[in-house]
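Trainee: Below is a structure I'd like to ask you about.
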Amino acid sequence: MKNQLVLITGDELPPRPVRPRSAGPRRTSRRDLARRQLAHAGAAAARAALEEAVQRTEAREQARRAAREAALLEAISRGRGSRSALHHDGNAA
């Protein structure tokens with residue numbers, strides 16, 4: 078018996094199950110997984126850098142406030158400046 082070529086039109090196959098559009102892609106490729114991991118790593122690094130910048134800014138502001146207060150106390154102890162200047166912060170929000 079010789080090999081026979083059988084033409085499948087699709088009528089013989091069962092219908093494919095219908096997937097809702099909201100189901101997303103069938104399978105996430107390794108490339109997409111790697112891209113997503115890189116994005117998460119980049120976001121984490123950005124958050125860390127932002128947090129570090131915020132801490133540096135807060136430390137700078139605190140040092141500035143301490144220097145201003147020390148200068149006011151020095152001026153008051155020498156008899157210059159008013160005591161009410163201690164309670165007045167020009168940059169207070």
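In our numbering, the protein residues as written are 78 to 170. Backbone N, C-alpha and C fix where the C-beta goes; we use that ideal spot for every residue, glycine too. Small disclaimer: the values here were computed from a predicted structure and weren't measured.
#1: For arginine 62 and glutamate 129, what's the separation of their Cα atoms in angstroms?
#2: Just the C-alpha distance for isoleucine 153 and arginine 145, rounded to the nearest angstrom, thanks.
#3: Classify threonine 105 as helix, strand or coil using the three-state DSSP reduction.
Mentor: This is what the structure holds:
#1: Any question about residue 62 goes unanswered here, given that the chain covers just 78 to 170.
#2: Locating residue 153 in the sequence shown gives position 76, counting from the first residue. Locating residue 145 in the sequence shown gives position 68, counting from the first residue. Their backbone Cα atoms lie some 12 Å apart in a straight line.
#3: For the purposes of this step, residue 105 is taken as the residue at position 28 of the sequence shown. Coil at threonine 105, not helix or strand.
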